[in-house]
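Residue numbers (this note's numbering): 847 to 1386.
Here is the structure we will look at.
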Amino acid sequence: MRLLATIIFLCITAVCSKDATPRTNAIVSAQVGVMRYGASEEASELYGGESTTSSPDLFSMGRQAIICDTPSRLLVKIPEAIGQVFTTAVRSTTAPNKEITFSVVQQNGEELEVLTSLSVNDNKWHPIQVRLNGGGELLLNASYAMPSSASDAGPEIAWATPDFSASLHPPQSDVIFISIDTMRSSALSQAPFLSKLIATGRQYTNAYSPSNWTLPAFASVVSGLTPQQHGAGRGAFAEVAGGKADKRDFMSLGDVPTFAEAFSAAGYATAFIHQNPFLESWTNIQQGFDMYARTADRVDSSQQLATEWWYSNSHRARLLMLHFMEPHWPYSSEDDAQKYFGKNISDFSILDKTPQQRRDFFAVDENIKDAVHAAYNAQIRHLDEQLELTLAELSKTSSDYVVVIHVDHGEELWDQGSFEHGHTFADCVVKVPLAIIHAGNIEPSQIAKPVAAHHIGTYLLEYLDIENSMPASALGKNSNADLSVTSTHPLYRCDIGGKTIHPDGSYSVIGHQQLEYNGKAVELPADVLATLRQLGYSDD
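Written out as structure tokens, the structure reads:
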């Protein structure tokens, strides 16, 4: 369910990121001040919290960056034979008390040319893209705008990792990776555009999610690993359901290769725009994305940001990953829980309850079930309409693009007597839509054998012949691939720990005692952890 939370103010810099030099095709050094590589994130008071109908579009935006002082000057060597477009972005990591001026100056021998200059008094990201005049070096300068204060010490500032590229799009296919939260396979009947699009490509009609909730399922798709291998999610259950608040630790994705890192190393511009607090930067799922952002839980909230990023990088090969929450509960308004159930679902969800207690809690009349079904289907139809508009807009600046349709998990609508997801491994929750479309290159087909849905990320790398160190994908013809299909590590108490799906469609049960919870407990500031626990999964 969507998570009801008390919102606190956070402004986060370098949260849960690898403190290592990110990919860049330039040599950077500090002439004035000191510098370090890390992640810098512009995060509002909404970070980690619940989206509402009145929420602004943008919750947070982060980038891999070079972080340095004010005043400071970075010297950036312009690489030879790469191209003439320089791309970065800049921000003050805290709102400054006086205007700061940022400038990009090209130095070629004795000649200096100011390519761009801007003065800001906020902590937002300000994109910069300039065309260069020949070679030499760039100077990235930051100081207070008033000449009398130019030498005064100010806040830390962050420059997005510098990138140099050619002015013409290389002969590489763009990728639009669309991930939909909580979409049942049966819901395709309510999505005429998606159904038509999927029919033009390769559709995996028996694809299974590696888990029944977002965090472990998404960690799998970016890493190619199973929840048993990557550990992202929650810690192990207590031996007996105590009916009290669930205090299992949150687990983040560790320092493992991701498919976005492989795309980035191959020269792609990479961006990840999502709508779920369980995909924010504390999870480490954003590894390898040049820009990552969370927008409000509305389909159109990310459209402008996605379009601006896509257009501004039209001279480069692009990987854009878009995640949508539209089918997620509540399906039409914040009053749905009270309207349909007459009680607070959020209060119930923070408690460690048995599967039978969950079924009893969600026992409702048939007319209520019908109304919830109708509200869910309406969400699917609205999402379908918006996706058609989004893809039409993005396709305007790409003559060669691959589209992936991915779903992290489905939804139970009383198929087995209960509601929502995270508590069962029934097909309505773990059997998900999955397809890859590449007009003129992939013939329309349906693959009926059971497959692991999270292999789609590594399959993209293999399909586009991108060098990587990730596990082989079983969606193609790689003989080294692991052909097993499993779904494990439930969010809530479940009668089983997961299941293995066999080639003939049958399955065998995985017991709780067979599961490992080997993830790294999330290392977050106390206020961030407190907010996450207020989201409905713990009461610490």
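Ideal placement from N, C-alpha and C gives every residue a C-beta, glycine not left out.
Owing to the predicted nature of the structure, the values given are computational and were not obtained by experimental measurement.
{"Query": "Close Cβ partners of PHE1208 (< 7 Å) along its chain, the five nearest in sequence each way excluded", "Result": "SER1264, PHE1265"}
{"Query": "SER1384 to PRO1073 span [Cα, whole Å]", "Result": "Its pLDDT being 42, under 50, SER1384 is placed unreliably in this model, and the coordinates cannot settle the point."}
{"Query": "Boundaries (first-last residue) of the alpha helix (DSSP H) holding LYS1042", "Result": "1038-1045"}
{"Query": "CA-to-CA distance, SER1241 to ILE1226, given in whole angstroms", "Result": "22 Å"}
{"Query": "Three-way DSSP call (helix, strand, coil) for LEU904 in this model", "Result": "strand"}
{"Query": "Helix, strand or coil at GLY1100 according to DSSP, with G and I counted as helix", "Result": "coil"}
{"Query": "Bridge partner(s) assigned by DSSP for ARG1140", "Result": "SER906, HIS1120"}
{"Query": "TYR893 - DSSP class collapsed to helix/strand/coil", "Result": "coil"}
{"Query": "Entirely enclosed alpha helix (DSSP H) segments - the stretch 976-1058, minimum 4 residues", "Result": "1038-1045"}
{"Query": "Contact belief for PHE1170 with ILE1302 at Cβ below 8 Å, rounded distance in angstroms", "Result": "Rounded, the Cβ-Cβ distance is 16 Å, inconsistent with contact."}
{"Query": "Distance between beta carbons of GLU1231 and THR1028, contact taken as under 8 Å", "Result": "Between GLU1231 and THR1028 the Cβ distance is about 18 Å, and since that is not below 8 Å, they are no contact."}
{"Query": "Span of the beta strand (DSSP E) around GLY1344", "Result": "1344-1347"}
{"Query": "Inter-residue spacing [alpha-carbon to alpha-carbon] between CYS857 and PRO1001", "Result": "Residue confidence is low: CYS857 scores 35 on pLDDT, short of 50, so the model does not pin down where it sits. No coordinate-derived value is stated."}
{"Query": "Stretch-stretch touch, CB-based, cutoff 8 Å, three pairs: the stretch 899-910 with the stretch 991-1000", "Result": "no"}
{"Query": "Contacting residues, own chain, Cβ-Cβ under 6 Å from ALA1106 (five flanking each side not counted)", "Result": "THR1116, GLY1134, PHE1135"}
{"Query": "Where ALA1106 sits in the DSSP three-state scheme", "Result": "helix"}
{"Query": "Euclidean distance between Cα positions of GLN975 and VAL931", "Result": "7 Å"}
{"Query": "Extent of the continuous alpha helix (DSSP H) to which ASN1213 belongs", "Result": "1212-1240"}
{"Query": "Cα-Cα separation, SER897 to ALA1142", "Result": "6 Å"}
{"Query": "Inter-residue CB distance, PRO1123 and ASN1314 (contact presumed, cutoff 8 Å)", "Result": "Not confirmed; about 29 Å, so no contact."}
{"Query": "Exposed unless 16 or more other CB atoms sit within 10 angstroms - verdict on ASN969", "Result": "buried"}
{"Query": "Spatial neighbours of SER890 in its chain, beta-carbon cut-off 7 Å, leaving aside the 5 residues before and after", "Result": "PHE905, SER906"}
{"Query": "Helix, strand or coil at TYR1363 according to DSSP, with G and I counted as helix", "Result": "coil"}
{"Query": "Buried versus exposed call for ALA1367 [16 or more other C-beta atoms within 10 Å across all chains shown]", "Result": "exposed"}
{"Query": "Buried or exposed by the 16-neighbour rule on C-beta atoms within 10 Å, applied to SER863", "Result": "Reliability fails at SER863, whose pLDDT of 40 lies under 50, so the model's placement of it is uncertain and the value that follows must be treated cautiously. So SER863 ends up on the buried side."}
{"Query": "LYS1295 versus ALA911: straight-line alpha-carbon distance, rounded", "Result": "43 Å"}
{"Query": "Cβ-Cβ separation, ILE1293 to THR1051 (assumed contact under 8 Å), whole Å", "Result": "7 Å"}
{"Query": "Span of the alpha helix (DSSP H) around GLN1074", "Result": "1073-1076"}
{"Query": "ASN1058 beta carbon less than 7 Å from that of VAL1275", "Result": "yes"}
{"Query": "Distance between beta carbons of ARG937 and SER886, contact taken as under 8 Å", "Result": "7 Å"}
{"Query": "Cα-Cα separation between ARG1140 and GLN1121, rounded to whole angstroms", "Result": "5 Å"}
{"Query": "Validate contact between the stretch 1211-1224 and the stretch 1160-1168 using beta carbons, cut 8 Å, 3 pairs", "Result": "no"}
{"Query": "C-beta contact flag for THR934 and ALA1006 at 7 Å", "Result": "yes"}
{"Query": "SER1319, buried or exposed, once every other Cβ within 10 Å from all chains shown has been counted against 16", "Result": "buried"}
{"Query": "CB of ARG919 within 7 Å of CB of ASN987, strictly", "Result": "yes"}
{"Query": "Of the listed residues TRP1175, PRO1279, ILE1119, nearest to LEU1043 (C-alpha basis)", "Result": "PRO1279"}
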